[in-house]
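Chains as they are written, first to last, in the working numbering: chain A, 418 to 692; chain B, 41 to 364. We treat Cβ as the ideally placed atom computed from N, Cα and C, and that holds for glycine. Below: one structure, written as structure tokens.
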Amino acid sequence: MESIYALWYRDVLRFWRDRARLLGSFAMPFMFLIIFGSGMSGAMKSLISGPGASSALSGFNYVQFMFPGIIGMTILTTSIFSALSVVQDREFGYLREILVSPASRFSVAIGKVLGGSTVAFIQGLLMFVFVPFIGIRLNLTMLVELIPVMFLVAFTLSSVGLLIASSIKTSAGFQMVVQVLVFPMLFLSGALFPLAGMPLWMNFLVKINPLTYAVDMFKKIILKVSTMNPALKQALGLNLTVFNHTVTIWNELLFIALLALVFITLATVSFGRVE
Amino acid sequence: MSNVIEVNDLRKKYGDFEAVKGISFDVQEGEIFGFLGPNGAGKTTAIKMLCTMLKPTGGTARVSGHDVIREKNEVRKSIGIIFQENTLDEKLTANENLMLHCRFYNVPRSERESRIQEVLEIVELEDRRHKIVETFSGGMKRRLEIARGLIHYPKVLFLDEPTVGLDPQTRVHIWEYILRLKKKAGITMFLTTHYMDEAEISDRIAIIDQGRIIALDTPDHMRNDVGGDIVELVTVDNQAAREEIVTKYGKDAGEAEGILTFRVEKGNEFLSRFIKDFETPIKSINLRRPTLNDVFLKLTGRQIRDESISASDLAKQRMHNRMR
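Printed below as a string of structure tokens:
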């Protein structure tokens, strides 16, 4: 138990000391949300709610639509990149200090994943500073729902990161793999555009992408999808179905939690083989 | 005295290459036991197996009564390790590094504060306690690692080339700390080094070469086995001098870096006669006790390679000073 706490504390402490990283974490979301989002919003609006479209679609706001996706993106990149610290620990030697201690491999893996997910969770929460500028209204209930969901997503993605990190020897190699993984996951998740009218192959990739369901949960909560106009919901691809079954938030929670279990187990096993 | 480390026919094979070819030895409680050998002799592989970081491919090893394969965790609890390379978290302070270590090793909460203070005092770093490790010098980082290795009161402290990459002055300091530690805590230490002079502080030494232990004894016994004294000689014509030594004294002098060396009994008496009788003009002459390098030379016919200061460099320096 103590070693889990120790590893978690170390990651959080290092994050807190690294102010540059803290500030830098706003750069990408800012770029996407404010610059890319504002730039695209006119075009997106005319695409979705152009002439001839029903009046129900006029309520569309691209920047607001993108906001849950940006939270997903932030959690994804931070979670996976915090596993980079494992690779760096290997390069700089600290991993030795951890691995020759009596701490079990399982507690090392859990400690690392909890550290990474806490940092990713905090970064995700920091995205809420954009809320007043994009006209989204958040209430307490939404926040109470969002917090556990965000943490669970961060935990799952951190486990994925750890699994990758446990089998890669250099930072450069890790960053390569991450690039190859993060961008497809992001683009195939519906974080940046509505999941509607996609080609069949893309639809398939979207449905097997865990981030799709994570982002969809954020959308369901933040965009109040349950009270949304059905036509708008359809146009924005918010009716996620798998084998004609409409996916509920509980399905998604269960799926992400199961993935967490699978990946943390794999990561522990993979970590145990590190000598 | 009981044995803290018991090693029996320990082996490690990487594919076709056997890095450790069946070594056996015991280390007694409170002893400083040294592994001496050239780079690549298998020292680090052996120490890694004893520290449970590598799985042996044959033989057995017990550390403080626990098997290194079957009782990994028990072994890990009872040992402290100073690695060859730096393993501190340099973004954290000394105190934070030590505190993390306490947590990994389950040091009782109430004792942490006093133990951190205690180990920092041993290595004289109390005043740097709350400074970020990044700002430390190489020697200070080493000392902090030694402090960290001690904080959970291990039965055995493993030191793998603890002074590698440090300047000679810092090296001397590090050994002073280690010796002080032995006096104070009576802790058993297992160290590897390829520096001859450092190995001398050990109570017993195993000389390891190409994966095998080729000698195991106290440094004194080893030197006595070489016997007599070593004459180091530089002349205007080393070739002629060499022949003269063979004909007059029946000794085959070795030559390395322009210095002739040969072994004689009762060096003091020999030297005065030698200087009177020797015909080739002598530039400098030196008489010394055999070192562990001579032991290694005698056993293997090779010198232990030493990148920074080799025994012969030291000898040359001594002679150089004498000639001035």
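Please classify residue i: is it buried, with 16 or more other beta-carbons within 10 angstroms of its beta-carbon, or exposed?
i	result
residue 313 (chain B)	exposed
residue 425 (chain A)	buried
residue 674 (chain A)	exposed
residue 123 (chain B)	buried
residue 143 (chain B)	buried
residue 596 (chain A)	exposed
residue 404 (chain A)	Residue 404 (chain A) is absent from the model: chain A starts at 418 and stops at 692.
residue 71 (chain B)	buried
residue 63 (chain B)	buried
residue 658 (chain A)	exposed
residue 42 (chain B)	exposed
residue 541 (chain A)	buried
residue 329 (chain B)	exposed
residue 481 (chain A)	buried
residue 585 (chain A)	buried
residue 621 (chain A)	exposed
residue 215 (chain B)	buried
residue 315 (chain B)	exposed
residue 625 (chain A)	exposed
residue 677 (chain A)	buried
Helix, strand or coil for residue i per DSSP?
i	result
residue 213 (chain B)	helix
residue 54 (chain B)	strand
residue 555 (chain A)	coil
residue 326 (chain B)	strand
residue 106 (chain B)	strand
residue 610 (chain A)	coil
residue 688 (chain A)	helix
residue 43 (chain B)	strand
residue 352 (chain B)	Note that residue 352 (chain B) scores 49 on pLDDT, short of 50, meaning its location in the model is unreliable; the coordinates nonetheless yield the value given after this. Of the three classes helix, strand and coil, the one that applies to residue 352 (chain B) here is helix, per DSSP.
residue 665 (chain A)	coil
residue 252 (chain B)	strand
residue 92 (chain B)	coil
residue 654 (chain A)	coil
residue 280 (chain B)	helix
residue 86 (chain B)	helix
residue 296 (chain B)	strand
At the 8 Å Cβ level, is residue i part of the contact set with chain A, yes or no?
i	result
residue 143 (chain B)	yes
residue 232 (chain B)	no
residue 229 (chain B)	no
residue 93 (chain B)	yes
residue 113 (chain B)	yes
residue 123 (chain B)	yes
Please confirm whether residue i has its beta-carbon closer than 8 Å to some beta-carbon of chain B.
i	result
residue 704 (chain A)	What the structure shows of chain A is the stretch from 418 to 692, and residue 704 (chain A) is not part of that stretch, so it cannot be assessed.
residue 430 (chain A)	yes
residue 510 (chain A)	yes
residue 669 (chain A)	no
residue 652 (chain A)	no
residue 427 (chain A)	yes
residue 527 (chain A)	no
residue 442 (chain A)	no
residue 438 (chain A)	no
Any idea which residues DSSP pairs residue i with across the strands?
i	result
residue 229 (chain B)	B:72 and B:197
residue 100 (chain B)	B:48
residue 245 (chain B)	B:74 and B:257
residue 269 (chain B)	B:304
Anyone know if the C-beta pair for residue i and residue j falls short of 8 Å?
i	j	result
residue 131 (chain B)	residue 172 (chain B)	yes
residue 239 (chain B)	residue 74 (chain B)	yes
residue 309 (chain B)	residue 284 (chain B)	no
residue 649 (chain A)	residue 476 (chain A)	yes
residue 236 (chain B)	residue 333 (chain B)	yes
residue 208 (chain B)	residue 182 (chain B)	no
residue 744 (chain A)	residue 501 (chain A)	Since the first residue of chain A shown is 418 and the last is 692, residue 744 (chain A) is not available in this structure.
residue 247 (chain B)	residue 241 (chain B)	no
residue 67 (chain B)	residue 251 (chain B)	no
Quick one: does the C-beta of residue i sit closer than 7 Å to a heavy atom of the ligand FAD?
i	result
residue 547 (chain A)	The ligand FAD is not among the ligands present in this structure, which contains no ligands whatsoever.
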